[in-house]
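Heads up: the sequence shown begins at 1 in our numbering, then just goes up one per residue. All residues carry an ideal CB built from backbone N, CA and C; glycine is no exception. Note that the coordinates shown come from a computational prediction; the quantities given were computed from them, not determined experimentally. The structure under discussion appears below in the form of structure tokens.
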Amino acid sequence: TTFATLNPGMAKDIFVATADDLDNINIAMLALRAIDACPHDHPPVTLAVRIDREDLANELDAALDGLNGRRRMRYHRLCPDRDGLRIELARFAPVFTKADRDAASHALVVGLQGRWEQALAQIVIALQDHPAKRPVITLSLRDDEKAAFERWLAAHPDFGLVVDFNVLSAGPHGLPDDAAAAATVATHGAPHLAVVMLDGADAISAALALRRPSMALGVATSPILVRQTREDHLLAALAETSVKGRDHSRIVPFSGPIRAESVARVLDRRGDEQAIALHAAYLDNAAHVAPGSPASIAAWDELPENLREANRASADHMAILFASEGVALSDRDAMARAVAGSVTLDRLARVEHRRWMADRIERGWRHGATRDNDRLIHPSICDFDALSEADKEKDRNAVRKLAEIAHGISGQLGSTSALRP
């Protein structure tokens with residue numbers, strides 16, 4: 001009755017964003033019925049639905065795979081945890097803040113509350129910034145969190161190719177004791193980034209404790225990203241407050257309310273420009289798409305949301321990729337030189353291959369001798385040096401194409417005819 005009164009079938013965009021995933025899905029299905037009843041000449045309606053649970057979102061993507069192909073509807077997923085962390089990692093990934101670019105990146109994760117699986121995968125990908133060295137993620141976890149993490153890791157056995165995990169027992173504030181913290185710093189160096197994934201006040205307490213000068217983990221000035229499920233005022237105020245012996249700057253909340261950037265992406269594709277260009281490049285090479293992947297050769301608006309996310313993950317990593325060679329996306333000439341030089345191009349290709357592997361592994365793929373899309377097996381999930389020369393060239397071509405997308409310098413980059421699907 002409410003939907004009939006609202007007449008949602010005549011809307012241009014519908015956002016469904018209550019605090020409950022199942023309520024949101026049920027409301028979205030009611031909206032879908034109303035959309036189906038609208039006139040045939042009505043423009044497509046954008047249906048944006050908040051779904052926080054990653055497993056539910058993935059299964060829904062599969063169940064509703066045909067929705068984006070419907071003539072009257074385009075589906076987008078909203079996820080404050082995922083989207084907020086993505087935005088902040090684009091600012092604070094270690095490659096942008098660490099003093100020694102050649103050092104292996106090191107991140108500290110405190111707690112695994114909320115929808116932590118996708119957040120942890122995003123951190124793994126953001127740390128892929130070295131052609132040879134695996135990054136390190138130190139996790140400070142309670143016993144129940146350790147058990148959940150071990151189950152997740154067992155389901156993604158190839159993560160050892162792209163990251164080293166270091167698990168510590170959590171004590172007060174969710175942080176390890178001084179001896180374990182000091183041993184970690186001695187082995188891996190101080191973390192370049194901390195991400196606190198505890199709940200509410202516990203998250204604030206841990207973030208502030210990490211800023212204590214006596215804290216053995218050595219993150220007194222490193223960026224700290226804090227999961228907050230409500231609108232933040234405290235951290236924003238602390239960032240402007242000077243306290244002797246403590247640096248409260250760069251303690252930044254993520255999650256909470258749906259970000260304005262996420263709304264802009266749904267309404268007018270703002271922020272998706274590079275991802276759309278990357279997918280267009282893939283379509284230009286549709287002959288190279290493996291059999292059994294028809295969904296990936298659809299136009300952007302008809303792509304399933306999970307495939308749009310894969311393009312966004314690659315586009316989001318562009319700045320990290322080129323920063324691994326000290327090149328900013330804004331420096332057109334330096335980027336052209338980087339992809340023109342065989343040595344720098346090879347290093348960039350190795351970084352891009354690590355990012356590609358991390359993304360695939362997180363989505364459930366694993367290494368196997370023969371590609372099998374149904375069983376999520378891919379022979380290229382292996383070290384760069386184990387690839388065939390043709391597959392190495394696919395990673396080099398991916399780097400060339402990313403540079404071209406960033407600055408439109410296609411005439412200087414050589415062939416980009418074989419991008420990796």
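### Spatially closest choice to ASP383 from LEU217, ASP268, HIS353, ARG86, by CA coordinates
HIS353
### Cutoff 6 Å; reference ASN306; Cβ partners in own chain excluding five residues on either side
ASP61
### Query
From this set, ASN166, ASP52, ARG72, PHE96, which residue's C-alpha is nearest MET318's C-alpha?
PHE96
### Message
Taking only three categories from DSSP, how would you classify VAL327?
### Response
Note: VAL327 maps to coil in three-state DSSP.
### Three-way DSSP call (helix, strand, coil) for ARG137 in this model
Here residue 137 is Ile; the residue named in the question, Arg, does not match the sequence. Strand.
### Query
In angstroms, rounded to a whole number, what distance separates the CA positions of VAL226 and ALA126?
VAL226 and ALA126: Cα-Cα distance of roughly 16 Å.
### Message
Only counting the same chain, and skipping five residues up and downstream in sequence, which positions put a Cβ closer than 6 Å to that of PRO135?
### Response
ALA104, SER105, LEU127, VAL163
### Query
Looking at the unbroken beta strand (DSSP E) that takes in THR344, where does it start and where does it end?
In the DSSP assignment, THR344 falls outside any beta strand (DSSP E) and within the unbroken alpha helix (DSSP H) covering 342-362.
### Query
Who are the Cβ neighbours of ALA180 in its own chain at under 6 Å, not counting the five residues just before and after it?
LEU168
### Query
Between the Cα of ALA119 and the Cα atoms of GLU54, PRO44, ALA155, which residue gives the shortest distance?
GLU54
### Query
In this structure, does DSSP put ALA51 in helix, strand or coil?
A small correction: the amino acid at residue 51 is Ile; Ala does not occupy that position in the sequence shown. The DSSP-derived three-state label of ILE51 is coil.
### Task
Would you give the residue range spanned by the alpha helix (DSSP H) that LEU30 belongs to?
21-36
### Task
Could you tell me the boundaries of the beta strand (DSSP E) in which ASN311 lies?
Element bounds for ASN311: not the beta strand (DSSP E) but the alpha helix (DSSP H), 305-316.
### Message
Taking the straight line between their C-alpha atoms, what separation do you get for GLY114 and MET197?
### Response
7 Å
### Task
Using beta-carbon positions only, say whether GLY171 and ASP177 come within less than 7 Å of one another.
Yes, Cβ-Cβ distance for GLY171 and ASP177 is below 7 Å.
### Query
Between the region 309-318 and the region 264-277, do at least 3 Cβ pairs fall closer than 8 Å?
The region 309-318 makes contact with the region 264-277, as at least three CB pairs between them are under 8 Å.
### Task
Pick out the complete beta strand (DSSP E) segments inside the region 200-272, 3 residues or longer, and give them in chain order.
224-227, 251-254
#### Entry: Spatially closest choice to THR18 from LEU161, ILE204, PRO80, by CA coordinates
PRO80
### Query
Given a threshold of 16 other Cβ atoms within 10 Å of its Cβ, counted over all protein chains shown, does LEU385 qualify as buried or as exposed?
The question names Leu, but residue 385 is Asp in the sequence shown. Exposed, because fewer than 16 other Cβ atoms sit within 10 Å of the Cβ of ASP385.
### Message
I want to know whether the region 247-255 touches the region 214-234 - three or more CB-CB distances under 8 Å.
### Response
The region 247-255 vs the region 214-234: in contact.
### Residue burial classification, SER242 (beta-carbon count within 10 angstroms, cutoff 16)
exposed
### Task
Rounded to whole angstroms, what's the CA-CA distance from ILE51 to ALA57? Just pull it up for me.
6 Å
### Message
Within a Cβ cutoff of 6 Å, which residues of the same chain sit near PHE159, ignoring the five residues on either side of it in sequence?
### Response
ILE361
### Query
Between the beta-carbon of VAL49 and the beta-carbon of VAL16, is there less than 7 Å?
yes
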